[in-house]
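Q: Those protein sequences? They're chains A and B, same order as listed. So for the first sequence, our numbering puts the first residue at 1; every next one is plus one. So for the second sequence, our numbering puts the first residue at 1; every next one is plus one. We put the CB at the ideal spot given by N, CA and C, even for glycine. This is the structure I have questions about; it appears just below.
2 protein chains.
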Amino acid sequence: MTPQRPGGVWAPAITPFRHDLAPDPERFARHARWLLANGCSGLAAFGTNSEANSLSAEERMMLLEFLVAHGVSPDRLMPGTGCCALTDSVRLTAHAVGLGCAGVLMLPPFYYKGVSDEGLFRSFSEVIERVGDARLRVYLYHIPPVAQIAISIPLIERLLKRYPQTVAGLKDSSGDWNNTKAVLDAFAGAGFDVFAGSEVFLLANMRHGGVGCISATANVNPAAIHRVFENWGGPDADRMQEQITATRAVVYKYPMIPALKAIVARGFADEAWATVRPPLVELTAGQRESLAAELDSHGFALVA
Amino acid sequence: MTPQRPGGVWAPAITPFRHDLAPDPERFARHARWLLANGCSGLAAFGTNSEANSLSAEERMMLLEFLVAHGVSPDRLMPGTGCCALTDSVRLTAHAVGLGCAGVLMLPPFYYKGVSDEGLFRSFSEVIERVGDARLRVYLYHIPPVAQIAISIPLIERLLKRYPQTVAGLKDSSGDWNNTKAVLDAFAGAGFDVFAGSEVFLLANMRHGGVGCISATANVNPAAIHRVFENWGGPDADRMQEQITATRAVVYKYPMIPALKAIVARGFADEAWATVRPPLVELTAGQRESLAAELDSHGFALVA
């Protein structure tokens, strides 16, 4: 039996911290189970919105093991494993594969700027070869506004040609639909699975051969986003898409990660969620009030 | 007795790799001792030009311990310890202080873009407080062309006010003399030690109250750069500065790290030095030939 490939709505699950800024595995697992029970098909743990790069490799592995040991099936997990250091990326990727994760979401190394596609090809290639496991499924993570390093179409083509079984898809967080469409046009027909990096593009992505979205806001609005995914071929799809786009636009006015955590803290009446790790800064009381008021006026509620 | 504060010419020592891309501690220590014997006052190991962010925390600690165990006095070491993850920065900084290093060169966390000075203040502050060692001396690392995250003058001011004994200086790799001058004007009088990030600005930096330079090219041209430092108040300073600026300009035409490694490989007749870790790519044979020819025509020789 061929295992089902990831698709649908995946959340880059936010990472809770204790007062001393240590990651909080219990709260993390609780949120993970809530997301899976409320519309998420899976979790892209340790994404940008998970503050993954603010965590050490050891902290990430501890949290991932805790999820799997506490009710989250590894086939619902696509952890972020791409680091600046080749050896860290290999270690985290091998660890995720060893746990049976559905795939990994891999940032390119992002410290050096202006690196060549040849250098990026070697980076991904070294990780794939060193992990050396037929179960590995790599989803490339294209997020130039943050990483500043792009996953170009020629790079995807070269990786797919060399590792057709392993290179499984891409998350496009460029915010540029033209780029997503170009990737879909080039590779979706060959079974390369494209996730939109925001639910704003979910319907468009599905209509052009994509498989879903991996979106920050799925942390707080999973049910409504999932309804668009489920009904994308139906008559109400455009109306439902408008609604989730409008909710996203409210959250997007604020710094994304602190805003998501403030929404979760309020929705679950659990103030600990508001904590972020430096260099991020939590929302001010005023920002939290205006965000809450605006979401209320949109009829948004955390628990569907 | 007050220990002498770092000054002079410091090299962000390049990191040698074996064919399997593992770091090579023996070659690293050999190069470190060569640099110290040929004009460098110290080593800013694990800087940008050391491919530090391509190394795991464990690899950095292993290499640092090896240096100290093999003839490099820790008071000649200012390792880079600033990572994206707070916990990694704390771990590496505590390790360097524990070994007795003269200071640490600290990048800001560089994954998230557009972070606030408040968030950066908290980042540095958490590291300083968690390491909690009176011996710690932090040199802030300002390199916006690569890190994309700047160390602003208000941030320096706030850190200095809060940690006057610990925040000891800054390396300015902005490439913008106006910024270096503004930092010198604001803080040099108060004993804040500014290193130019390139020997191109060494003389100007010394004339305005700076203490030296930490420069990539010190890996290959330490003696000549040291002569400018030693003679900066003398009548030949400008002529000597012109010469090292001209050598730098030749190297600067090529990708810096692969070029430095190619020069060292050639100068020491040790081909292993040419290896870089992805995402960097070594120079082509043609690039190596033209770089060598141009350096020869400038009368440049690796061993002074």
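Among residues of its own chain, excluding the 5 on either side of Glu-59 (chain B), which ones have a beta-carbon nearer than 7 angstroms to its beta-carbon?
A: Pro-23
Q: Under the rule that 16 or more other beta-carbon atoms within 10 Å means buried, what is Val-138 (chain A), buried or exposed?
A: Using a 10 angstroms sphere on the CB of Val-138 (chain A), the tally of other CB atoms reaches 16 or more, which defines it as buried.
Q: Buried or exposed: where does Ala-293 (chain A) fall if 16 or more other Cβ atoms within 10 Å of its Cβ makes it buried?
A: exposed
Q: May I ask which residues mark the beginning and end of the alpha helix (DSSP H) holding Asp-88 (chain A)?
A: 86 to 98
Q: Which residues in the same chain as Arg-277 (chain B) place their Cβ atom closer than 7 angstroms to its Cβ, once the five residues preceding and following it in sequence are excluded?
A: Phe-17, Leu-21, Glu-51 and Ser-54
Q: Between which residues of its own chain and Ala-301 (chain A) is the CB-CB distance below 8 angstroms, once the five residues before and five after are set aside?
A: For Ala-301 (chain A), where only same-chain residues beyond five positions count, the Cβ hits under 8 angstroms are Gly-267.
Q: Would you check if the distance between the CB atom of Ala-29 (chain A) and the CB atom of His-95 (chain A) is smaller than 8 angstroms?
A: no
Q: With distances taken Cα to Cα, identify the nearest neighbour of Thr-48 (chain B) among B:Ile-153, B:Ser-173 and B:Arg-130.
A: B:Ser-173
Q: Could you name the residues of chain A that Glu-65 (chain B) contacts, counting a contact when the two beta carbons are closer than 8 angstroms?
A: The premise fails here: Glu-65 (chain B) is roughly 17 angstroms from chain A at the closest Cβ pair, so nothing lies under 8 angstroms.
Q: Please confirm whether Leu-280 (chain B) and Ile-257 (chain B) have their CB atoms less than 8 angstroms apart.
A: yes
Q: Tell me whether Asp-193 (chain A) is buried or exposed, calling it buried when 16 or more other Cβ atoms sit within 10 Å of its Cβ.
A: Asp-193 (chain A) is buried by the Cβ-count criterion.
Q: Give me the DSSP bridge partner(s) of Pro-23 (chain A).
A: A:Phe-17
Q: Please list, in chain order, all residues of the same chain as Ala-259 (chain A) whose beta carbon is under 7 angstroms from its beta carbon, the five residues on each side excluded.
A: Val-251, Leu-283 and Leu-291
Q: So the beta strand (DSSP E) Leu-105 (chain A) belongs to, where does it begin and stop?
A: 104 to 106
Q: DSSP three-state call for Phe-121 (chain A): helix, strand or coil?
A: In the structure shown, Phe-121 (chain A) sits in a helix (DSSP, three-state: H, G or I).
Q: Roughly how many whole angstroms lie between the Cα atoms of Lys-253 (chain A) and Ala-32 (chain B)?
A: Near 50 angstroms, if we compare the C-alpha coordinates of Ala-32 (chain B) and Lys-253 (chain A).
Q: Would you say Gln-287 (chain B) faces chain A, with C-beta separation under 8 angstroms as the test?
A: no
Q: Which whole-angstrom value is the C-beta distance of Phe-46 (chain B) and Gly-80 (chain B), which I expect to be below 8 angstroms?
A: 4 angstroms
Q: Which residues in the same chain have their Cβ closer than 6 angstroms to the Cβ of Val-127 (chain B), if we skip the five residues on either side of it in sequence?
A: Cβ neighbours of Val-127 (chain B) beyond the five flanking positions: Ser-89, Val-90 and Thr-93.
Q: Once DSSP output is grouped into helix, strand and coil, what is the label at Ala-292 (chain B)?
A: helix
Q: Beta-carbon of Asn-219 (chain A) versus every beta-carbon of chain B: anything under 8 angstroms?
A: no
Q: Where do the ends of the beta strand (DSSP E) carrying Phe-187 (chain B) lie?
A: That residue, Phe-187 (chain B), is in no beta strand (DSSP E); its alpha helix (DSSP H) goes 177 to 187.
Q: Alpha carbons only, please: which of A:Thr-87, A:Leu-67 and A:Leu-107 is nearest the one belonging to Arg-130 (chain A)?
A: That would be A:Thr-87, whose Cα lies nearest to the Cα of Arg-130 (chain A).
Q: Apply the 10 Å Cβ neighbour rule to Gly-100 (chain A) and answer buried if 16 or more other Cβ atoms are within range, or exposed otherwise.
A: exposed
Q: Spatial neighbours of Met-206 (chain A) within its chain, please: C-beta separation below 6 angstroms, excluding the five flanking residues on both sides.
A: Sequence-distant Cβ neighbours of Met-206 (chain A) in its own chain, meaning closer than 6 angstroms and more than five residues away, are Trp-232.
Q: From this set, A:Leu-107, A:Leu-202, A:Val-183 and A:Ala-249, which residue's C-alpha is nearest Gly-7 (chain A)'s C-alpha?
A: Looking at the Cα atoms, A:Leu-202 is the closest of the given residues.
Q: With DSSP as the reference, identify every bridge partner of Phe-195 (chain B), one or two as the case may be.
A: Residue pairing by DSSP places Phe-195 (chain B) opposite B:Lys-171 and B:Gly-212 in a beta bridge.
Q: Please report how far the alpha carbon of Ser-215 (chain B) lies from the alpha carbon of Ala-11 (chain B), in whole angstroms.
A: 6 angstroms
Q: Between the C-alpha atoms of Ile-156 (chain A) and Ser-116 (chain A), what's the straight-line distance to the nearest angstrom?
A: One Cα belongs to Ile-156 (chain A), the other to Ser-116 (chain A), and the distance between them is close to 13 angstroms.
Q: Using DSSP with H/G/I as helix, E/B as strand and the rest coil, what is Gly-7 (chain B)?
A: coil
Q: Under a three-way DSSP split, which group does Ala-301 (chain B) fall into?
A: coil
Q: Chain A beta carbons: is any one of them nearer than 8 angstroms to that of Val-104 (chain B)?
A: no
Q: Since Leu-140 (chain A) is in the alpha helix (DSSP H), which residue starts that stretch and which ends it?
A: Leu-140 (chain A) -> not in any alpha helix (DSSP H); beta strand (DSSP E) instead, spanning 138 to 142.
Q: Hey, could you find the ends of the alpha helix (DSSP H) Asn-205 (chain A) is sitting in?
A: 202 to 207
Q: Rank A:Ala-246, A:Glu-289, A:Arg-248 and A:Leu-120 by C-alpha distance to the C-alpha of Ala-265 (chain A) and give the top, closest one.
A: A:Glu-289
Q: Kindly list, in the order they appear in chain A, the residues whose Cβ is closer than 9 angstroms to that of Gln-241 (chain B).
A: Under the 9 angstroms cutoff, chain A gives no residues; its nearest Cβ is about 28 angstroms from Gln-241 (chain B).
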